[in-house]
Each structure stands twice: as structure tokens, then as C-alpha cells.
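Numbering follows our numbering, in which position 26 of the sequence shown is assigned residue number 56; successive positions increment by one, without gaps. From the three backbone atoms N, C-alpha and C, an ideal C-beta is built for every residue, glycine too.
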Amino acid sequence: MVAKTEHRSRSGCPVACALDIVGDHWTLLIVRNLMFLGVHEYKDMLAAEEQISSSILSERLKKLEGEGLVASVPHPASKRRKFYFLTPMGKDLIHVMLELVLWSNRHLSVFLDIPKEKKAFLERDPAGFKAHVLAELDAWERQFLNNERSFAD
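Set out below in C-alpha cells:
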């Protein structure tokens with residue numbers, strides 16, 4: 031069995047290489063929290079209904095930061111807290127995330143809990159929904175990151 035970190039050195043397969051980074055349940059849920067739910071703090075991610083353990087959450091956030099998909103800045107109210115957010119590389123996962131949502135909506139809709147207005151918007155205009163999500167992420171960054179760093183890269 032090939033260790034996850036070995037795919038990039040052993041295989042040029044783009045799927046295997048991508049799965050090294052985002053190929054587990056918790057990683058995509060963290061991306062979902064940051065991308066769609068406006069959850070940017072550790073404590074709020076820990077409180078999500080999926081009940082991720084603190085050790086797994088810490089490990090996945092460090093991995094996502096190390097891979098360049100997520101970044102963090104100190105919280106303005108307390109230097110002991112951080113705001114986590116998607117980098118441009120992390121935001122590029124919006125295409126994958128939206129396709130997962132659309133696939134789930136088509137094949138698993140009985141289990142889903144998507145707010146009706148968001149579901150209708152996504153079904154009616156996937157490109158518009160994507161643009162709306164990215165605009166919300168940019169607005170959050172302008173409001174909370176206060177130009178501490180440039181994220182235009």
C-alpha cells in the first residue's frame with residue numbers, strides 16, 4: 031500500500047495527488063465550513079454537528095495551512111484565538127465542492143439539509159451561486175482581515 035505522501039513522488043496521477051491533500055472526510059468538511067458556512071474559528075469548527083475531535087481538527091488545519099489551502103491570522107479580540115480562511119488555492123476548490131453538492135442533491139437528496147433558498151439558487155444558476163460564494167468570502171476577508179496580509183496571489 032502506498033503512503034499518502036508518496037503519491038506525489040511516485041505517481042503523476044492528478045487524482046492521487048489531490049487526494050493526498052483533500053481526500054479524507056474531515057478535510058472537506060473543514061473546507062465546507064470555511065467556504066459555505068462562514069465558520070472561521072477553531073471553537074466553531076469543533077462545535078459543528080459532525081463532532082470532529084480536537085486532535086483531528088488541529089491536525090487537519092495544520093495540514094491545510096502547510097499545503098497552502100488555508101491561512102490564519104490572530105483574532106483581533108484575543109491573540110490566543112485565530113481566524114482561519116481559504117487562500118486562493120483553497121478557494122479554487124469551489125468547483126469540486128459545488129459538484130459534490132450537486133451530485134449529493136441528485137443522488138442523496140433524501141438525506142440533505144440544504145436551505146431551500148440556497149438549493150433553488152444553486153440548481154437555477156450554479157455559476158451565479160459560485161460567484162456569490164466567492165464574493166461572500168472576499169467580503170469576509172475585507173471585514174475581518176483588515177489588510178494584515180495580501181491574499182491576491
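Next on the checklist: Quick check: does the Cβ of E153 come within less than 7 Å of any heavy atom belonging to the ligand FAD?
Outcome noted: The ligand FAD is absent from the structure shown, which contains no ligands of any kind.
Next on the checklist: I need the straight-line Cα distance from N63 to A107, nearest angstrom please.
Outcome noted: What you label residue 63 is simply residue 33 of the sequence shown in a count that begins at 1. What you label residue 107 is simply residue 77 of the sequence shown in a count that begins at 1. Roughly 21 Å between the two C-alpha positions.
Item to check | According to DSSP, residues forming a beta bridge with K112 | outcome: Within the sequence shown, numbered from 1, the residue matching residue 112 stands at position 82. In DSSP, K112 forms a bridge with P104.
Checklist entry - Apart from the five residues on each side of it in sequence, which residues of its chain come closer than 6 Å, Cβ to Cβ, to V61? => result For this step, residue 61 is matched to residue 31 along the sequence shown. So the qualifying residues of the chain are L123.
Item to check | For T57 and L94, the rounded distance between their alpha carbons | outcome: Residue mapping note: residue 94 aligns to position 64 of the sequence shown, counting from 1. Residue mapping note: residue 57 aligns to position 27 of the sequence shown, counting from 1. If I take the Cα positions, the gap works out to 8 Å.
Checklist entry - Beta-carbon separation of K112 and V103 under 8 Å? => result Mapped onto the sequence shown, residue 112 falls at position 82. Mapped onto the sequence shown, residue 103 falls at position 73. Against a cut-off of 8 Å, the Cβ pair of V103 and K112 comes out as a contact.
Item to check | Under the three-state DSSP convention, the category A182 falls into | outcome: If you number the sequence shown from 1, residue 182 lands on position 152. Its pLDDT being 40, under 50, A182 is placed unreliably by the model, and nothing is read from it.
Checklist entry - Taking just the CA atoms, how far does L116 sit from A77? => result Counting from one through the sequence shown, the residue named residue 77 turns up at place 47. Counting from one through the sequence shown, the residue named residue 116 turns up at place 86. Roughly 19 Å between the two C-alpha positions.
Checklist entry - Are there 16 or more other CB atoms within 10 angstroms of the CB of H70, so buried, or fewer, so exposed? => result What you label residue 70 is simply residue 40 of the sequence shown in a count that begins at 1. H70 should be labelled buried.
Checklist entry - Between H55 and P145, what straight-line distance do the alpha-carbon atoms span, to the nearest angstrom? => result One-based indexing of the sequence shown puts residue 55 at position 25. One-based indexing of the sequence shown puts residue 145 at position 115. H55 and P145: Cα-Cα distance of roughly 22 Å.
Checklist entry - Applying the criterion that 16 or more other CB atoms from any shown protein chain within 10 Å of the CB defines a buried residue, is R154 buried or exposed? => result Taking the first residue of the sequence shown as 1, we reach residue 154 at position 124. R154 should be labelled exposed.
Checklist entry - Around the Cβ of G120, are there at least 16 other Cβ atoms within 10 angstroms (buried) or fewer (exposed)? => result Stepping through the sequence shown from its first residue, residue 120 is reached at position 90. The residue in question, G120, is buried, as its Cβ has 16 or more Cβ neighbours within 10 Å.
Checklist entry - From this set, V45, A161, K73, which residue's C-alpha is nearest L128's C-alpha? => result The count along the sequence shown starts at 1 and reaches residue 128 at position 98. L128 has its Cα closest to that of A161, out of V45, A161, K73.
Checklist entry - Whose CA, out of E79, S41, Y72, L49, lies closest to the CA of A101? => result Position 71 of the sequence shown, counting from 1, holds the residue named residue 101. Out of E79, S41, Y72, L49, Y72 has the C-alpha closest to the C-alpha of A101.
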